Amino acid sequence: MHHVLMDQWSRGSSPLHARDARAKILALLVFLIVLATTAPQAYSTLVIDAIVLAAAILIARLPLGNLLLRAAVVLPFSILFGAISWLMGDPVRGQGLVEKSYLSTVSVLIVVGTTPFAALLQGMESLGAPRLLILLAQFVYRYLFVISEQAQHMRIAAASRQGARNQRHRRSRLHAASGALAVLFARSYQRAEGIHRAMLARGFSGRFSTLEGRAFRLSDGLFTAAVAAFLIVVRVQ
Amino acid sequence: MHIPDNFLSTPVWAALDAVAVPAVGLMIKRAGRDTDESRIPLLGVMGAFVFAAQMINFPVGVGTSGHLVGGALLACTLGIAPASLVMTAIIAIQAIVFQDGGILALGANVFNMAIVGVLLGGWPYRTWGAASKKRAIFLGAFLSVMASGSLALGELTLSGIAMPRPLALTSLGLFAISALIEGAITISVVQVLERMNPRFVPAPERPRGPALATFGAAALLLGLAGFLIASRLPDGIQNLGLQLGLASKTAFHSPLADYSAGSFDSLWLRRATAGLAGLLLIYSVCAATARVIGRRRSA
Amino acid sequence: MTPLIEVRDLSFEYEDGTRALDGVNFRLQEGETVALLGANGSGKTTFVLQLNGILKGQGSVTVCGMPLIPENLAAIRSRIGMVFQDSDEQLFMPTVLEDVAFGPMNQGLSAEQALSRAKSALAQVGLDRVAERAPYHLSAGEKRQVALAGVLAMQPEILVLDEPTTFLDPPAQRNLYQLLRELPQAKLIVTHNIRFAAAIATRAVFFERGKLVADGPLQEIIDRFGWNYADLPAADLRYAAHRRF
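Okay, here's the thing in structure tokens:
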């Protein structure tokens with residue numbers, strides 16, 4: 001499963017894995033902004049950006065083929081619009097669209113693939129993201145796989161009850177699917193109540209306390225500064 | 238519709254990032270009225286529910302199937318501000334973990350789906366839900382999907398993405414169909430939920446002051462603007478992007494490099510600032526109006 | 537000897553009027569392990585949720601000498617460690633370590649102290665290696681152990697476990713049994729697993745429609761209410777040879 005793989009990747013060890021989440025987030029933002037403001041005809045810049053990403057993948061010891069394949073999710077979208085641009089007389093722009101959106105997806109995958117999601121959230125909070133949103137994202141992430149699995153089981157159970165009648169009754173299928181969704185809603189709601197009880201039982205009194213994250217080290221600062229400087233210099237040449 | 242990175246032009250994505258931040262901040266203020274964080278697990282779990290629900294296929298006949306987006310359902314069951322924040326978290330996770338939508342484009346996607354989408358999803362229910370629940374919920378769900386889709390399309394067009402008329406109209410048509418499906422599914426689910434346990438779908442709260450109505454109206458106007466821009470019904474709008482300086486020369490004219498090979502053109506900066514200022518202006522006018530009216534009322 | 541838990545005439549009604557508990561009297565002494573038996577819906581879980589104030593009924597509940605009033609809730613919840621039936625509801629933090637440290641943090645410990653308590657609790661249940669994992673990836677047995685660690689980290693005097701062997705395969709059940717055996721706390725165990733109960737508890741109470749109708753040695757209760765299926769015959773092996781696929 002997708003998330004299992006990403007989880008495994010993010011728990012590897014490499015110089016990139018060892019960097020503080022904040023360092024990687026900042027470096028990523030610089031990369032994305034530099035890429036976004038690069039004109040599609042600045043081929044040398046794009047090539048260097050791609051090389052930087054390839055280097056990062058190698059240093060992080062991430063599986064190259066698998067990662068490049070995952071980044072391909074953006075391609076259907078970008079190839080469609082790119083092709084249209086091409087047909088309407090702007091091939092450079094169309095090409096640029098495909099290349100740039102692919103590169104940006106790869107860059108995000110590299111950061112996510114070398115940083116456990118919990119650490120990523122902690123890093124974002126430390127960089128100023130609102131606490132409420134971070135806590136929310138934490139809980140959504142925690143339960144999204146659990147509930148998705150539940151939904152899967154319900155789907156399989158429903159499918160195995162379909163029988164020979166080949167659903168000519170659209171309405172009844174809508175009702176069946178909505179019923180399933182409502183049941184999932186109710187069970188999620190009940191789950192939330194259970195969580196609340198478990199929180200109370202362990203002394204929760206209204207506020208979540210934070211554990212301190214790891215300290216930002218000199219190596220992290222150097223990493224971000226070096227990457228940012230390099231990318232900006234290349235962009236401005 | 239999650240917009241990936243590098244589709245929107247820099248003035249557009251930057252402006253929307255700038256707009257989304259205070260918008261989300263406002264939702265946080267409205268939702269976190271009490272500093273009690275004990276509601277967070279419920280909101281989080283319901284967010285996880287929507288995530289999972291988005292993957293369930295709803296057969297609409299003839300081999301096509303629809304999916305629930307969930308903005309209206311969340312708005313009607315959790316309240317508008319909490320729902321908005323839950324959707325924001327969902328969109329962020331989709332972008333970061335599943336690469337569905339860009340990072341720099343988060344402002345745009347959050348604005349389209351979590352702000353405008355949820356506002357429109359919940360506004361009809363709040364305003365007319367007491368009188369005609371079914372119709373209000375359906376309208377909310379429909380507007381929610383229609384507006385967020387149109388806005389996305391409009392933003393892409395403004396960015397200069399080549400959008401030939403047939404493609405734009407087809408997309409808008411598809412959004413309309415998705416919006417109808419959203420309405421149908423949302424109503425259907427709400428009905429079952431009410432039978433299960435009436436407290437799942439709380440009665441619409443009486444609108445607290447005109448702020449909601451103002452924002453709702455603004456959201457509607459923006460959605461409409463998106464729709465118009467995307468469909469380019471008034472033909473002059475295809476030049477709107479150019480004039481606002483939001484798009485580099487589009488495919489409709491001979492491609493010109495807007496940016497010189499590497500340096501930031503001061504002309505670009507001026508245009509970008511103009512575009513940014515324009516969007517911020519619309520937003521601040523709405524916010525200021527809401528505040529002024531609110532103050533007058535309470536005086 | 538002051539009982540650890542003293543319940544007198546406890547009654548509780550749900551919002552819809554169902555009488556979930558009716559005049560329950562109960563005492564738990566130090567070092568005891570008591571099995572709570574009874575049909576589903578008979579009030580066992582409802583009873584247990586009253587002990588740390590998650591549900592509030594009529595009657596008196598005293599824990600470690602403290603009456604169950606709002607001012608004492610924090611202290612009482614420190615004394616009673618509750619392991620819930622659904623481990624996914626109990627492990628709600630992003631990582632195992634954060635989750636186990638949740639309790640100690642709420643007890644007012646500093647982050648450092650909480651973390652060290654968490655680490656030693658995890659070591660106690662033998663799961664220090666999963667400290668940085670996300671709970672989603674653990675097996676049911678591991679989740680149960682982490683939940684127990686999360687509760688042990690608060691250094692409670694009483695352990696309450698609601699259907700602890702649910703979803704656990706026999707090796708995991710044995711593991712849990714071995715863990716619990718070593719723990720000195722008094723224990724209340726809601727369970728349908730009679731073998732598990734017999735291994736770990738000597739005393740049992742039986743719930744029937746909200747009333748606590750019996751309280752005594754485990755085997756007596758089992759026999760009196762037929763709460764066992766040891767009397768079922770062994771499978772008939774004669775037919776095994778005739779099965780065709």
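Protein chains in written order, with our numbering: chain U, 1 to 237; chain F, 238 to 536; chain S, 537 to 781. Beta carbons: idealized from backbone N, C-alpha and C, even for Gly. All values reported here derive from a predicted model rather than from experimental measurement.
Using DSSP bridges, identify the partner residues of residue i.
i	result
Thr598/S	Glu542/S and Pro603/S
Thr386/F	Just to set this straight, residue 386/F is Gly in the shown sequence, not Thr. DSSP, once it has assigned bridges, lists no residue as partnering Gly386/F.
Glu549/S	Arg555/S
Met618/S	Val696/S
Gly574/S	Phe743/S
Gly303/F	Phe295/F
Answer with buried or exposed for residue i, where buried requires no fewer than 16 other C-beta atoms within 10 angstroms of its C-beta.
i	result
Arg236/U	Position check: residue 236/U holds Val in this sequence, whereas Arg was assumed. Looking at its Cβ environment, which holds fewer than 16 other Cβ atoms inside 10 Å, Val236/U is exposed.
Val4/U	exposed
His239/F	buried
Thr738/S	exposed
Leu16/U	buried
Glu442/F	exposed
Lys723/S	buried
Arg717/S	exposed
Glu607/S	exposed
Leu58/U	exposed
Gln152/U	exposed
Within the continuous alpha helix (DSSP H) that includes residue i, where are the two ends?
i	result
Val282/F	Ile277 to Ala290
Val233/U	Leu218 to Val236
Thr37/U	Segment: none, Thr37/U is in no alpha helix (DSSP H) and carries neither H nor E.
Phe81/U	Leu75 to Leu87
Val92/U	Pro91 to Gly113
Glu125/U	Phe117 to Ser126
Ile418/F	Arg402 to Met433
Gln586/S	Lys580 to Leu587
Pro439/F	That residue, Pro439/F, is in no alpha helix (DSSP H); it is neither H nor E in DSSP.
Glu274/F	It is not in any alpha helix (DSSP H) - Glu274/F carries neither H nor E in the DSSP assignment.
Glu648/S	Ala647 to Gln660
Gly203/U	Unbroken run through Gly203/U: none, as it is neither H nor E.
Ala329/F	Ile317 to Phe335
Phe638/S	Val632 to Asn642
For the beta strand (DSSP E) containing residue i, name the first residue and the last one.
i	result
Leu564/S	Arg555 to Leu564
Reducing DSSP to helix, strand and coil, say where residue i ends up.
i	result
Asp7/U	helix
Val726/S	strand
Leu135/U	helix
Ala750/S	strand
Thr569/S	strand
Arg717/S	helix
Glu668/S	coil
Ala488/F	In this prediction, Ala488/F has a pLDDT of 36, which is less than 50 and means its spatial position is unreliable; what the coordinates show is noted afterwards. Residue state, collapsed to three classes: coil.
Val140/U	helix
Tyr765/S	coil
Ala737/S	coil
Val258/F	helix
Met537/S	coil
Met690/S	coil
Pro248/F	helix
Arg161/U	coil
Phe703/S	coil
Gly460/F	helix
Thr210/U	coil
Gly254/U	Past the boundaries of the shown model lies residue 254/U; chain U is included only from 1 to 237, so the question cannot be answered.
Ala511/F	Reliability of the predicted coordinates at Ala511/F is poor, the pLDDT of 48 falling under 50, and the value obtained from them is presented with this limitation in mind. Ala511/F: helix per DSSP, three-state reduction.
Arg173/U	helix
His153/U	helix
Arg443/F	coil
Does any C-beta atom of chain A lie closer than 8 Å to the C-beta of residue i?
i	result
Gln626/S	You won't find chain A in this structure, because its protein chains are U, F and S.
Following a CB-centred definition, is residue i positioned closer than 7 Å to any heavy atom of the ligand FMN?
i	result
Phe216/U	Ligands in the displayed structure: none, and consequently the ligand FMN is not present.
*asked:* Across the region 116 to 135 of chain U and the region 260 to 268 of chain F, are there enough close Cβ pairs to call them in contact, namely three or more that are closer than 8 Å?
replied: Contact between the region 116 to 135 of chain U and the region 260 to 268 of chain F is present: 3 or more CB-CB pairs across the two stretches fall below 8 Å.
*asked:* Three Cβ pairs or more, each shorter than 8 Å: is that satisfied between the region 194 to 212 of chain U and the region 630 to 642 of chain S?
replied: The region 630 to 642 of chain S and the region 194 to 212 of chain U touch, with three or more beta-carbon pairs separated by less than 8 Å.
*Pairing CB atoms from the region 376 to 395 of chain F with CB atoms from the region 55 to 73 of chain U, are three or more of them under 8 Å?*
No, they do not touch.
*Can you find at least 3 beta carbon pairs, one from the region 170 to 180 of chain U and one from the region 599 to 617 of chain S, that sit closer than 8 Å?*
Flag = no, the region 170 to 180 of chain U and the region 599 to 617 of chain S do not touch.
*Is the region 725 to 733 of chain S touching the region 749 to 769 of chain S, taking contact as three or more C-beta pairs under 8 Å?*
Under the 8 Å Cβ criterion, the region 725 to 733 of chain S counts as touching the region 749 to 769 of chain S, having at least three qualifying pairs.
*asked:* I want to know whether the region 217 to 236 of chain U touches the region 20 to 36 of chain U - three or more CB-CB distances under 8 Å.
replied: Taking one beta carbon from each stretch, the region 217 to 236 of chain U and the region 20 to 36 of chain U have 3 or more pairs nearer than 8 Å; the two touch.
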